[in-house]
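Notes for the one structure printed next.
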Amino acid sequence: MELPVAVLIHNELAGLKGVEGALHQISESGYYVLQYSFGDKTHRVLLPIQETALIFKEPEEEVEEPIEVER
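Numbering-wise, the working numbering puts 24 at position 27 of the sequence shown, and it's gapless, one number per residue.
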């Protein structure tokens, strides 16, 4: 995965529910390094991995693979 990547951020403690942002780094200390707009300013924040859900903003490409069933 190439960083930064566009994500939707969910974190109850920070009051973020699907806020658009960018993931810049995943630290070895257990934090996401994210950037998002708050008001008219852009901020970089550290949010704990265990309390934060990230959803990639771009959906996965649909892949139509035939399903083989053995009988």
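Glycine included, each C-beta is placed from N, C-alpha and C at the ideal position.
Close beta carbons around residue i, own chain, < 6 angstroms, minus the five adjacent residues each side
i	result
V42	L31
Neighbourhood of residue i by C-beta, 7 angstroms cutoff - its chain only, sequence neighbours within 5 removed
i	result
L44	N8, A11, Y28, Y29 and L31
Residue i to residue j span [Cα, whole Å]
i	j	result
G15	Q22	19 angstroms
S26	K54	25 angstroms
E17	E62	32 angstroms
T49	R68	44 angstroms
Whole-angstrom C-beta distance between residue j and residue i, which should lie under 8 angstroms
i	j	result
I52	L5	4 angstroms
For residue i, the three-state DSSP class (helix, strand or coil)
i	result
E17	strand
I52	strand
Close-in-space but distant-in-sequence residues of the same chain around residue i (CB under 8 angstroms, 5 per side omitted)
i	result
Y33	I6, L13, V16, E17, G18, A19, T39, H40 and V42
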